[in-house]
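The opening position of the sequence shown corresponds to residue 217 in our numbering, with each subsequent residue numbered one higher. This report refers to the structure that appears directly beneath it.
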Amino acid sequence: MIPFLDLKAPHIELRDEINAAIDRVVSSGWYVLGPEVEAFEAEYATYCEASHCVSLANGLDALHLALRAMGVGPGDEVIVPSNTYIATWLAVSQCGATPVPVEPVEATYNIDPALIEAALTPRTKVVLPVHLYGQPADMDPILAIARKHGLRVLEDGAQAHGARYKGRRLGAHGDVVAWSFYPGKNLGALGDGGAITTNDAELADRIRVLRNYGSRAKYVNEVQGFNSRLDPIQAAVLRVKLKKLDEWNARRASLAAQYLRGLADSGLVLPQVPVWASPVWHLFVVRHPQRDTLQEHLTGAGVGSLIHYPIPPHKQQAYAYVNWPLDPFPLASRMAKEVLSLPMGPHLELSKQAAVIGAIDSYV
Ligand SMILES: *Cc1c(COP(=O)(O)O)cnc(C)c1O
C-alpha cells in the first residue's frame, strides 16, 4: 500500500529534536504567546524574506484577520479564485463581505490576471490570489491591476511555503500573505497553526492586536478582537521543521521531476511550470477525463490518491444562497471532475513512486 501522504515520517525523522522542543515548552511554564512564539515569528519572517510575521491559530484565521485589518466588511467585495479550497472564500464571508470568483488559467490552475479587471466593481477592496498546489500565482499583473485601482492584495500561501516568484520567496509580494501550518502542508504543525507575513508594519500591528482580544496591554481592549494565537508547543515544533523545509521541498521537486519524466507519454494532463515560477509541489495534480475510474484503478493497485477539490466552492451548499447564473465557472467545474493528486511528500521513496507510475501506465 502506497499512502497519498505519510504524516508520521517527518516526525519520526525528527523525533528527538521535536520531543526536546516540546519538553522545553512544558518546562518553561509559558503556554500562550511568549518567547517560543516570538522566536518562530522572527525565523519564519526571515525565511519568507518579509519584515514581519504574526503567528495565528490556523490558516483560515490568517486570511480572515488579514482581511479585517485591511478594513474589509459588509458591502465590500473580494476577488477570489473560482477553484480553491473553500477557506479562501469563507474568510471573505466571515468579514460580511462577498467573494467574487474569477476563473483560473487552465495550464497553471492559478487565477487568470486577464479576467480580474472585468470582475471589479466600485465595491472591490482586495484581490486574493491563491498559490494553488504550491505554485505561485502570476503576481506582477495582479499587483499592477491592484495599484491601478487602489486595491489591497492578500495572498493565500497555505500550499506554498518556500515557493519563489521571479526568484523572490513568497512572503511579501502583495500586502499580506496568509499561511497555514495544518499538518499536511509543506510546513505543518502537530495540529492547527497559521501566520501572516508582510512588509507593512501597520497591517502587522493590526493583526497582532486582532489575534489577542483586540488588546495590546492586558485588560485594555482597543477593538473587538478574536482569540487566534499559535500554541507555543506548535511554534517550537515548527521551528524544528522550518530548518528542514528547503531540504524537504527539494525532495518534492525531484519527485515531481521524476513524475514528469515517467508520465510524459501517459496521456494524462501534467502540471506546467511557467519560467518565472519555482513551485514547492505541495500537490502533484494530474488531469484525466475519466478521473474517477483512474482513481478506482489506482486504489485497486494499492496507490492512494486524493481530489483537490471534488466540489468547487460555488457548488457547495454553503454558497447555495447565491443566485448563481447557469454554469458560472465552467473551468472550476471541469477541474473538479478531472483533477487527481498523486502521492507526494518528502518521505515518498523513489521505488514506491516508480510503482505509482507503473500503476498509471497499466491503466492509460
Ligand atoms: C489549508 C488551506 C487553508 C486553510 O488553512 P487551515 O489552517 O486549515 O485553516 C486555506 N487556503 C488554502 C488554499 C488551503 O490549502
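Where is the CB? At the ideal position from N, CA and C, for every residue including glycine. All values reported here derive from a predicted model rather than from experimental measurement.
Rounded to whole angstroms, the separation of the alpha carbons of V346 and E259 is 23 Å. Remark: C-beta atoms of Q511 and I523 approach each other more closely than 9 Å.
In the DSSP secondary-structure assignment, C269 is bridged to T413. A distance below 9 Å separates the beta carbons of E257 and A411. Within the same chain, Cβ atoms closer than 8 Å to the Cβ of R240 are found at E252, A452, the five residues on either side in sequence being excluded. For K341, the enclosing beta strand (DSSP E) begins and ends at 340-343.
When the five nearest sequence neighbours on each side are left out, the beta carbons in the same chain lying within less than 8 Å of the beta carbon of F545 are those of S298, N299, P317, E319, P528, H530, in order along the chain. N326 counts as buried, since at least 16 other C-beta atoms from the protein chains shown sit within 10 angstroms of its C-beta. Across the set I302, A376, S309, D277, the C-alpha of S309 shows the shortest separation from the C-alpha of G291.
For F500, the enclosing beta strand (DSSP E) stretches over residues 500-503.
Between ligand 1 and V346, a heavy atom-to-CB distance of less than 8 Å is present. The three-state secondary structure of V425, taken from DSSP, is helix. Its chain contains S298, N299, P528 as the residues whose beta carbon lies nearer than 6 Å to that of A548, once the 5 sequence neighbours on both sides are disregarded; these appear in chain order. Exclusion of T324 from the 8 Å shell around ligand 1 follows from its C-beta lying no nearer than that to any non-hydrogen atom of the ligand. Collapsing the DSSP output to three states places D372 in a strand. In the DSSP assignment, L556 falls outside any alpha helix (DSSP H) and lies within the beta strand (DSSP E) extending over 555-558. The distance from the Cβ of L556 to that of V501 is about 7 Å, consistent with a contact at the 8 Å cut-off.
Note on geometry: alpha-carbon atoms of L249 and Y475 lie some 42 Å from one another.
In the DSSP assignment, V453 falls within the alpha helix (DSSP H) that extends over 448-458. By alpha-carbon distance to L406, the top candidate from Q351, I449, F220 is I449.
Fewer than three beta-carbon pairs drawn from the stretch 425-441 and the stretch 380-396 are found closer than 8 Å, and the two stretches are therefore not classed as touching. In the three-state reduction of the DSSP assignment, T337 falls in the coil class. The alpha-carbon of L454 is positioned some 11 Å away from that of Y398. Fewer than three pairs of CB atoms, one per stretch, sit closer than 8 Å, so the stretch 470-484 makes no contact with the stretch 324-340.
Not one heavy atom of ligand 1 is found less than 8 Å from the C-beta of A552. Proximity to W492 across I218, L344, P357 peaks at P357, based on C-alpha coordinates. Note on geometry: alpha-carbon atoms of I573 and S470 lie some 14 Å from one another. In the structure shown, Y325 falls within a coil segment according to DSSP collapsed to helix, strand and coil.
Relative to the non-hydrogen atoms of ligand 1, the Cβ of D356 never comes closer than 8 Å to any of them. Assigned with DSSP and collapsed to three states, Y260 falls in helix. M217 is classed as exposed because its beta carbon has fewer than 16 other beta carbons within 10 Å across all chains shown. Around the CB of P562, 16 or more other CB atoms lie within 10 Å, so the residue is classed as buried.
In the DSSP assignment, I295 falls within the beta strand (DSSP E) that extends over 293-297. When secondary structure is reduced to three states using DSSP, L331 falls in the helix class.
Per DSSP, the unbroken beta strand (DSSP E) holding T314 starts and ends at 314-318. The Cβ atoms of L484 and H513 do not sit closer than 9 Å to each other.
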